[in-house]
Structure formats: structure tokens, C-alpha cells
Amino acid sequence: MTEKINTDDANFVEDPRYKQCNREALLGLGLGIANFIWWFAWGYGFGSQPVEGYTYILGFPLWFFMSSIVGAILFTVLAIIMVRKYFRDMPLGPLEEDDLKELQEGGREHG
Amino acid sequence: MADARMDVLIPLILYFIVIYALGFYSMRFVTRASHREGTGFLHEYLIGDRNMGGFVLAMTLVATYLSAGSFIGGPGAAYANGLSWVFLAMSQMPTGYFTLAVLGKKFAIVARKINAVTVTDFLKERYDNTLLVVVVSLAVVFFFIAAMSAQFIGAARLIQGSVGVPYETALAFFGISVLIYTIIGGFRAVILTDTLQGIVMTIGTTMVLVAVIVAGGGVPSIIQGMLEIDPGLISPYGPNPELTSMAWVASFWILVGFAIVGLPQVATRAMGYKDSTSLKNGIIYGTVVSMILLLGMHLLGAFGRTMVADLTGDLVVPTVTTTLFPNWVAGIILAGPLAAVMSTVDSQLLLAVGAIVNDIYANLINTKVKNTAKITFISSIVIGAIVFIASFDPPELMVWLNLYANAGLISTFLWPVILGLYWKRANTAGAFASIVTGIGSYIAFDMYWARPLGFHTIVLPLILSLAAFVIATYATPKPDQRIIKKFWGI
């Protein structure tokens, strides 16, 4: 959503942290949607057949085991991978000169 | 009091003593801050000087959005509806990572730029409109007073049922405790007690679930027992397919999974953490704890069906607990649901106070802000007293408001916060249009077409209010260049 609107002021420089912030927000959104699809597909995909035909894993019906138990664990692991690998540290307060330079140079890991 | 069960009561009392201790510990920070100039006091009282670490952030977030609903009503519904309700409850799973990732660092950075201590502060700076501030603040005050009152009633019933004291005594004991620690300790007391409560809930849930599985002879035999009672109990459609239809169950992803971002008690936490490491750890702990609590509490309700027959709703957790454990252990475990209620109520109280003191008084009436501390305490006590008195005999208006509280708050905040944060073009007209359309259409749908196309009532109003936001924004001028610079500039 970084259309040209409202940046008609030539001196306007956008906060360099936002690019990464937007990317992280999209990752979170993507993970949420993937979580929904996993839950829905396993839950209704295998749960919609007649109860007599159910298969069981560890005592749970397959649809429940995959959608709600494996799904919960899988997406917890994915959330951990998401923040460990793709979320970057950055200062949250007002930017100092050298913070700014570092961020504009593409940003290394920042304390 | 003659038939009060002392062995259940004593652990509960000990628990409350710890809660009070946390309140008094936080009071030291509040007292120190009350000497600060201007809005410095509110910075401590309403957001704890933005000092939350990752673990506390995760615990307070989870404890806040898991209310009595998921902790007392949820297991009750799982008892009645079996695995279908556990399946439904898992829609809340993303909240652990979704809220913090989507509001993310950007919300924290912007909050620091404009020195916001409430979500309304954010809306005020972003849309720069007095009427909007008033509407939003009043929505917070009214909806929260109603919601708090409902939570008080739930907690008092739980104490009444498990300890055996009269309803009024239970209400006084519980209500006054929550009010005291919140009022004296502010945000810091709220997040610290939330953390304790989160830990208690997690341990309690795990213990009860393990005990239930052992008592039932393992998962396979419990599931077969459920199958014998009613095959619907192990199907995603439940024993009552008209109730738990596919579209309706899937709607909960919107109601409790994604739109939770719009609840001010949740969004406030996304502006109060210390640094980006807190955010990372907050997401990790929050997701793990959500998973344990959601699965554990609801499975407990569903499994309980095979052990104790003919229970209704709110009594499932207390009954199963007291059946399986010696009374003093039950006392500790029952602190879990009470903790869920307390940690929800305390943040609602604080936000209602924030709406009055920060959003209306400091922003609009007295911008010089003197005597903030005094006014804050007085309004906290007044709001607390109103909620407390209303819980003895809830007036009609309050019952009605509570019915619409969550949907009303989500409609008020969701799109104005999200679009205000990520869309430069978003403007005041859009925010107004989305709030009016959201709340208006929700009430209309609720009255005339409660399950449009099979979905939960909240789904269409949220889509309509998004559309209204975009249309009204494009029909009116761009927001002021000054605002864009303040929010997006360096």
C-alpha cells in the first residue's frame, strides 16, 4: 500500500523501519490464513464422512487429530520459525543519526 | 457462611493475598509517578512506562483475551457439543501470534512517535477529530462497564458454586479485590497479576486435563465413551448440526481469531512492550500458552462428559475438578477460571478509566493536565462502584450493552486502527463510516437475520464496514500532509 499518494512533498522520507514492519505484518497474516486452511481442510475434509467410517490416531478421530492437535503444534512451530528467522530487531523509539544510517544501508542485525 | 468449604476457600484466599501483594508492589511505581508533570503520571498508570518484557507481554495478552467465556463457558459448551467445540475453539489459536505480528513493531513505533498511551490516542492523532475521540471513548466506557459487570457475575457464581458462600459475599470478596489492586497499581499491577494468573491457568489446566485422561482410562476409551453417548460428540458437526454448522464454526476465525486485533485491551498491549526482543519472545510464549490453554480447557470439558453426567454449562469445570481432586487442590485449580475473569476485568477497568481521564479529560477538557493522579483515582473508584452495584441486579440497559460489547468494540476499533496504521489514504470520513456501519449493521443483523448465509452475525458487518471505510475515504479529500509526516516520516 505504498502508493505515491501523499508523498508529493519532495523532502518526504519514509521511516526506514516500516518496510520491514510491513513485511512482518504480511508474514503474520499469511501464517494466520495458512493456519485456517489447514484447520478447515483436515477438519471438514476428513470429519464430514459418516462417524462409523472414522479412523483413529492415538484414540482421536483422524480429522480432529490432524486439524486441532497436529495443527496447533505445527503452527506454533511455524510461528517460532517465523519470528526467529524473519523478524528483525530494531529500535522502537525515535531514530538517532547512526541508527538511521544503518537502517538505510539495508540494516544489519541491531541490538 | 456456615456451610462454606474452608478447604477450598483457604487456597483461594492465599491466592488473593499474592494478588494484593503485586498490587501494592506496583503502587510504589504509581506513587512515584504521581509527582510527575503533565501526562507523565498517565504514562505509568495506563501503559506501565512501556516496560513489558516478552514473557509478561505474552501472559497478559493471553490472559486478557481468554475471558470467562473461554474458561468457564467454553468447557461447558465442549461438554455439550463434544469435539466439535474443541475444534471451534482452536480458531482462537492464531491470536497468540497474529495480533502481535499484524500490529507489530509499527504500532509500537507509531505509539512512541505520538506518545500514545491508549488506542484512542492513536485514533485522535491519526484522524484529528474531536467528535471521533468522544464517540470512541464513550463506546469504551459503556461497553466495558457492561462487560465487566457480566464478568463479575460469572466469577461470583463460580465462587458461590465451589466454595458454598452466598452470592453477595462471593461478589463482594471478588469484586472489591479486583477493584483495589487495579486502582492502586494501574497497568503494572494489571500485567503482573495477569502473568501470575496466566501461570496459574496453564498449570491448573494441564493438571486437570492429565487427571481427566487418567481417570477416564486413556484417550481411546474416553473417545469411545463419547461415541456411545452420541456419535455427534466426535464429529466436527456436533450432536446438533444446525447449531454448529460449517459456516458458523468457520466464522469464529474472524470473531476470535483475527478481529481480536481490534479489541482495545489487546491493542494496548501491542504499544506497551519494551523492545523488539520482547515482541519476539511475546509471540513465542503467547502461541505456546494459547495452544496449551485452548486445547486443555476445551478437551477437559469434552472428556468430562463421559465422567460426570447431566451437567449444565458453567458447572462443568468446578464439578469435574472437585470430583477428581482433594478439595484443597481443587481450590488452587479453581483459581484458574477466577484468574481468567480477573485478568479480563482489570484491563477493562483500566481502559474505561483511561478513556475518561486520558481521552476525554486530558485531551479535550483540561489539556494542561494538573491533578491527573487524583482525577484518575476518583474516576476509577466511581466506575468500580457502578460496576459493583450493577452486578447485584444488572439493569436492562447493561444486559443489552453486554450483548453487543465485543462486536461493538471490534466494529469501533478494527478498521480505523488497521487501516490508519497501514493505509496512508485512510481518513476521518472513512473511520466514521466504518464505525457507524459496523455497529449499526451488527445490531440490525442481530435483530433480523442473526445468521446471514449461515455465518456468525459478526462476519457481514465487518465486511460492510470495511467497504464503507474505503468508499467514504475515496469520496472525501486525502488526509492532511502533516498527519502523514507525523506517522510515516522519520
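Protein chains in written order, with our numbering: chain U, 1145 to 1255; chain G, 6 to 495.
For each residue, glycine too, the CB sits at the ideal point set by N, CA and C.
No experiment lies behind these values; they were computed from the predicted model shown.
Item: What would DSSP say about Tyr99 of chain G, mapped onto helix, strand or coil?; Value: A quick correction: the sequence has Pro, not Tyr, at residue 99 of chain G. Coil at Pro99 of chain G, not helix or strand.
Item: Give me the Cβ distance between Val205 of chain G and Ala335 of chain G, rounded to the nearest whole Å; I'm assuming they're in contact under 8 Å.; Value: Going by Cβ atoms, the distance from Val205 of chain G to Ala335 of chain G rounds to 13 Å, so no, they are not a contact pair.
Item: Quick one: which chain U residues come within Cβ less than 9 Å of Val498 of chain G?; Value: Since the first residue of chain G shown is 6 and the last is 495, residue 498 of chain G is not available in this structure.
Item: Let me check one thing: in DSSP terms, what residues is Glu1158 of chain U bridge-paired to?; Value: G:Gly494
Item: Hey, how far is the Cα of Thr442 of chain G from the Cα of Ile119 of chain G?; Value: 28 Å
Item: Against Phe263 of chain G, what residues of chain U qualify as contacts under a CB-to-CB distance less than 7 Å, listed in chain order?; Value: Gly1176
Item: Do we get a CB-CB distance below 8 Å when we pair Gly1197 of chain U with the residues of chain A?; Value: Absent from the structure is chain A; the protein chains it does hold are U and G.
Item: So is Asn371 of chain G buried or exposed if we call it buried at 16+ other beta carbons inside 10 Å?; Value: exposed
Item: Taking three-plus beta-carbon pairs below 8 Å as touching, is the stretch 83–91 of chain G in contact with the stretch 300–318 of chain G?; Value: yes
Item: Determine whether the beta carbon atoms of Leu419 of chain G and Leu467 of chain G lie at a separation below 8 Å.; Value: yes
Item: At the level of alpha carbons, what is the spacing between Ile394 of chain G and Ser182 of chain G?; Value: 15 Å
Item: For Phe418 of chain G, which three-state DSSP category applies?; Value: helix
Item: Please list the residues of the stretch 212–233 of chain G that have a C-beta atom closer than 9 Å to any C-beta atom in chain U, keeping them in chain order.; Value: Gly223, Val224, Pro225, Ser226, Ile227, Ile228, Gln229 and Leu232
Item: Work out the CA separation of Val91 of chain G and Thr125 of chain G for me, nearest whole Å.; Value: 35 Å
Item: Using DSSP's beta-bridge definition, name the partner residues of Pro1205 of chain U.; Value: U:Tyr1200
Item: Is the separation between the beta-carbon of Leu298 of chain G and that of Thr207 of chain G shorter than 8 Å?; Value: yes
Item: Three or more C-beta pairs under 8 Å: does that hold for the stretch 434–450 of chain G against the stretch 92–99 of chain G?; Value: no
Item: Would you identify the three-state DSSP class for Met296 of chain G, choosing helix, strand or coil?; Value: helix
Item: Going by the CB atoms, is the gap between Gly59 of chain G and Gly277 of chain G shorter than 8 Å?; Value: no
Item: Is the CB of Tyr102 of chain G under 8 Å away from at least one CB in chain U?; Value: yes
Item: What do you reckon, are the CB atoms on Asn363 of chain G and Val122 of chain G nearer than 8 Å?; Value: yes
Item: Report the neighbours of Thr210 of chain G on chain U: residues whose CB is nearer than 7 Å to its CB, in chain order.; Value: Per Cβ cutoff of 7 Å: no residues; Thr210 of chain G is ~14 Å from chain U at best.
Item: Would you report the Cα separation of Phe70 of chain G and Ile265 of chain G, rounded to the nearest angstrom?; Value: First, the residue type needs correcting, since residue 70 of chain G is Tyr and not Phe in the sequence shown. Looking at the two C-alpha atoms, the distance is approximately 8 Å.
Item: Measuring CB to CB, does Gly425 of chain G end up less than 8 Å from Arg193 of chain G?; Value: no
Item: So Leu1171 of chain U contacts chain G; which residues on that side make the cut at Cβ distance below 8 Å?; Value: Ala106
Item: Starting from Arg193 of chain G, trace the alpha helix (DSSP H) both ways and give me its first and last residue.; Value: Tyr172 to Ala220
Item: Taking 8 Å as the threshold (beta carbon to beta carbon), is Thr273 of chain G in contact with chain U?; Value: no
Item: Determine whether the Cβ of Arg131 of chain G lies closer than 8 Å to any Cβ atom of chain U.; Value: no
Item: Can you name the residues of chain U whose CB is closer than 9 Å to the CB of Met57 of chain G?; Value: The premise fails here: Met57 of chain G is roughly 12 Å from chain U at the closest Cβ pair, so nothing lies under 9 Å.
Item: By Cβ distance, which residues of its chain are closer than 8 Å to Tyr25 of chain G, with the 5 residues on each side in sequence left out?; Value: Ser182, Ile185 and Tyr186
Item: Once the 5 residues before and after Ser352 of chain G are set aside, which same chain residues still bring their CB inside 6 Å of it?; Value: Thr69, Val195 and Gln270
Item: Quick one: which residues of the stretch 269–299 of chain G get their C-beta closer than 7 Å to a C-beta of chain U? List them in chain order.; Value: Asp280, Ser281, Thr282, Lys285, Ile288, Ile289, Thr292, Val293 and Met296
Item: What residues from chain U crowd round Ile495 of chain G, counting only those whose CB sits closer than 9 Å?; Value: Val1157, Glu1158, Asp1159, Pro1160, Pro1238, Leu1239 and Leu1244
Item: By Cβ distance, which residues of its chain are closer than 6 Å to Ser250 of chain G, with the 5 residues on each side in sequence left out?; Value: Gly459
Item: Is Leu369 of chain G buried or exposed, if buried means 16 or more other CB atoms sit within 10 Å of its CB?; Value: exposed
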